[in-house]
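Here is the structure we will look at, set down as structure tokens.
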Amino acid sequence: PAWNISPPFWTNSEKGSGPFRPIFALNEKQVQVKHQNDNLSTSNETTAGSSERSRAAKIWLLDSLLTSLYQPVMRAWLKRRLNAGHNKYGSQPEEEECRRALLMINSLWDEPGSADKAEDDPLHAPLKEKTIWLKGYHPKLPVPGGQAGQGPGQLFNLLYLRIWDTNRQDTAAVLRHFHQRLKTGGLLILEAIRFSGFTAYPYHYSFSRTVDLIAELETDKAMPEQWPELLNQNGFGILDRVSLSSAFLPRRHNPVISHCLETFRTDILQRTRTAREEIDALMPSLKQFEEQKDTLICRPGVHLMLARKI
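Note that my numbering has the sequence shown beginning at 148, numbered continuously upward.
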């Protein structure tokens, strides 16, 4: 898919109180997610349903890896916002929602001590539920909302959106949808990354070729510069915007590029002139490179924005 929606946390609260809950939620029995070290080679699904579940599982796995890469950045940014206090925000509701967002992130990502907070705080009760959250969105998958007990008209105070860079038209449609799901004055936390920004040392052909193939799916190279305009055009006022630089990955996260290739395999075959045989040849070579002890992989920078529904 060219774009992705990630809801690590949601709230339908009134005046900052009430439970956080995911809009996308699939029971564990509905999606079988393979371990990240397993071979996620494409199987010959015989039905559309099983194919979509397999695709959703790959999207979920890749998005989980992205969460582990970028959650420290998001956490530090929210802490900075909170430390700025009223001088930066000028509004108690915004500070309260940011505080709740940070608490939810800490609980979701198992920060030390957060489990005890979740134990005592009714806001975090849903975290105990054994569910797999469908963090990836694709036009052929169910539309956000209407799942996990969420009514189509339910509104939220706080929404989180991760976008894998896409074209302007698709992004505008996503923002319009999120605008409809927010209450007036609600906050949108947006995270935008570009897969073509991955780099590696030393040079390796399979890695470089994979990044080039993924880059061909990015139809609008100027998206980061267009975010303020897009948000304003779709009913949001920007409260904060920051672009953070790239950084080297812990070695355990090196397989992220092979997961990208597997996740985008169908899109690459459909939208580029790449042959299936080339992808089949790239995958084992890429995985071998990722496993080498001297391989250094650098993740792309990230664009973070905090906006309010006008």
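Glycine residues also receive a C-beta, built at the ideal position from the N, C-alpha and C atoms.
Inset, instruction - Please work out which residues of its chain come closer than 6 Å, Cβ to Cβ, to glutamate 266, disregarding the five sequence neighbours upstream and downstream, and give them in chain order. - result: Unreliable placement is indicated for glutamate 266, whose pLDDT of 39 sits below 50; the coordinate value is still reported in the next sentence. Once the five neighbours on either side are set aside, glutamate 266 has no close Cβ partner at all.
Legend entry - Presumed contact (8 Å Cβ cut-off) between isoleucine 415 and leucine 360, rounded CB distance: 5 Å
Inset, instruction - Specify whether the region 213–232 and the region 316–331 touch according to this definition: at least 3 beta carbon pairs, one from each stretch, less than 8 Å apart. - result: no
Legend entry - aspartate 441 - DSSP class collapsed to helix/strand/coil: coil
Inset, instruction - Label serine 261 either buried or exposed according to how many other C-beta atoms from any shown protein chain fall within 10 Å of its C-beta, with 16 as the threshold for buried. - result: At serine 261 the pLDDT is 38, less than 50, meaning the model places this residue with poor confidence; the figure from the coordinates comes in the next sentence. Per the 10 Å Cβ criterion, buried.
Inset, instruction - Apply the 10 Å Cβ neighbour rule to valine 389 and answer buried if 16 or more other Cβ atoms are within range, or exposed otherwise. - result: exposed
Legend entry - Run of the beta strand (DSSP E) containing histidine 106, from where it starts to where it stops: No statement about residue 106 is possible, as the shown extent of the chain runs from 148 to 457 and does not include it.
Legend entry - Beta-carbon separation (whole angstroms), cysteine 445 vs phenylalanine 383, contact threshold 8 Å: That belief does not hold up - the Cβ atoms of cysteine 445 and phenylalanine 383 are roughly 31 Å apart, past 8 Å.
Legend entry - Closest by C-alpha distance to leucine 458, when choosing among Glu338, Ile310 and Gly448: An answer regarding residue 458 cannot be provided, because it is not within the stretch 148 to 457 covered by the chain.
Legend entry - Three-state secondary structure assigned by DSSP to arginine 446: strand
Legend entry - Whether isoleucine 336 touches leucine 453 by CB criterion (7 Å): yes
Legend entry - Helix, strand or coil at tyrosine 348 according to DSSP, with G and I counted as helix: strand
Inset, instruction - For my contact list, arginine 341 and proline 219 are in at a C-beta cut-off of 8 Å; report their separation, rounded to the angstrom. - result: Not a contact, Cβ separation roughly 19 Å.
Inset, instruction - Please state whether DSSP places glycine 298 in a helix, a strand or coil. - result: Note that glycine 298 has pLDDT 47, beneath the 50 cutoff, so the model's placement of it is unreliable and no number is given.
Legend entry - Status (buried if at least 16 other CB within 10 Å, exposed otherwise) for arginine 399: exposed
Inset, instruction - Out of Phe354, Glu372 and Asn381, state which residue places its alpha-carbon closest to the alpha-carbon of glutamate 425. - result: Phe354
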